[in-house]
Amino acid sequence: MALMSLGAAGYTTATAPPRPRRCTLPFRAAASPAALDRRRRPHNVAGDFFVDHRCIDCQTCRWMAPEVFKRVDGKAAVAAQPSSEEERTKALQVEEATADVEWKLEGNGPWNLGTDFELIHTPGHTPGSVCLYFKPLKVLFTGDHVAKSEESDDLNLFLMYSKQSVSLQLESIRKLLELEFEWLLPGHGYRIKYKDVRAKNVAMESLLANYTS
594 MALMSLGAAG
604 YTTATAPPRP
614 RRCTLPFRAA
624 ASPAALDRRR
634 RPHNVAGDFF
644 VDHRCIDCQT
654 CRWMAPEVFK
664 RVDGKAAVAA
674 QPSSEEERTK
684 ALQVEEATAD
694 VEWKLEGNGP
704 WNLGTDFELI
714 HTPGHTPGSV
724 CLYFKPLKVL
734 FTGDHVAKSE
744 ESDDLNLFLM
754 YSKQSVSLQL
764 ESIRKLLELE
774 FEWLLPGHGY
784 RIKYKDVRAK
794 NVAMESLLAN
804 YTS
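Counting in the working numbering, the sequence shown runs from 594 upward without gaps.
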């Protein structure tokens, strides 16, 4: 969600005051309310908060603020405007969670950001696919490398959207067996908390088996 602008993931509120951004947005805070309204998805209820046409159905908003966001016609929409300060705070937090920023990397990694973060090159979905591993909390942000659908607890690859090579994507998934994470936060779908690293590896092995058997 962006304040007085179109957010990178398409979540917008038209009345909150502008504030400094950590990323570059294609539409600045100077955009008029009328201009913003033209970019609303028609499935939103009337009100300050809305999802614009660039939503990619990443599902983040629906697990962060389920009282506000729902899936309508294949993408997110505001089904109910926030009715409390808590709901409004959750809706605003979606902005930070879906902000778009780019940092170009060279080589094949892994790349370390201090001692806590590690970037793992996981090509397959796209040539530049990268996972972010936060070691202290044992969290892996996978982007589009793997996903979890709403219909199943199983991980999947969304083969129809694989832009490079499924076999290479499977090789990249094997890299995840070496990492000691217990939380998995995909670019699409709900977050997953594994009991321990062993349970995580069982899930990774199951994913590999589903696409290689």
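We put the beta carbon where it would ideally sit given N, CA and C, even for glycine.
These numbers were taken from a predicted model, which means no experiment stands behind them.
Element boundaries [beta strand (DSSP E), containing residue i]
i: TYR804; result: Looking at the DSSP string, TYR804 is not in any beta strand (DSSP E); the run it does join, the alpha helix (DSSP H), is 790 to 805.
i: LEU723; result: Reading off the sequence shown, one finds Val at residue 723, where the question assumed Leu. From DSSP, the beta strand (DSSP E) with VAL723 extends over 723 to 727.
i: GLU711; result: 710 to 714
i: LEU761; result: No beta strand (DSSP E) holds LEU761; the alpha helix (DSSP H) holding it covers 759 to 768.
i: GLY736; result: 732 to 736
i: LEU698; result: Here LEU698 belongs to no beta strand (DSSP E), and DSSP marks it neither H nor E.
i: LEU772; result: Counting along the chain, LEU772 falls outside any beta strand (DSSP E), and DSSP gives it neither H nor E.
Close-in-space but distant-in-sequence residues of the same chain around residue i (CB under 6 Å, 5 per side omitted)
i: TRP656; result: TYR783
i: ARG681; result: PRO675
i: TYR787; result: GLU775, LYS793
Cβ-based neighbour list, residue i, same chain, cut-off 8 Å, excluding 5 preceding and 5 following
i: ASP650; result: ARG664, GLY667, LYS668, ALA669, HIS781
Close-in-space but distant-in-sequence residues of the same chain around residue i (CB under 7 Å, 5 per side omitted)
i: PHE727; result: ASP709, PHE710
Beta-ladder partner(s) of residue i, from DSSP
i: LEU748; result: LYS741
Residue i, enclosing alpha helix (DSSP H) - first and last residue
i: LEU777; result: Not the alpha helix (DSSP H): LEU777 falls in the beta strand (DSSP E), residues 776 to 779.
Rounded straight-line distance, which links the Cα of residue j to that of residue i
i: PRO675; j: ALA684; result: 8 Å
i: LYS793; j: SER765; result: 15 Å
i: ASP737; j: ALA639; result: 31 Å
i: GLU747; j: GLY700; result: First, the residue type needs correcting, since residue 747 is Asp and not Glu in the sequence shown. Going by the C-alpha atoms only, they are around 32 Å apart.
i: TYR604; j: VAL644; result: Residue placement at TYR604 cannot be trusted, given a pLDDT of 48 that sits under 50; what the coordinates show is reported in the next sentence. Those two C-alpha atoms are separated by around 4 Å.
i: HIS718; j: LYS756; result: 5 Å
i: LEU752; j: LYS697; result: 25 Å
Problem set entry | Segments assigned alpha helix (DSSP H), at least 4 residues, entirely inside the segment 626 to 696 | 626 to 631, 653 to 657, 678 to 690
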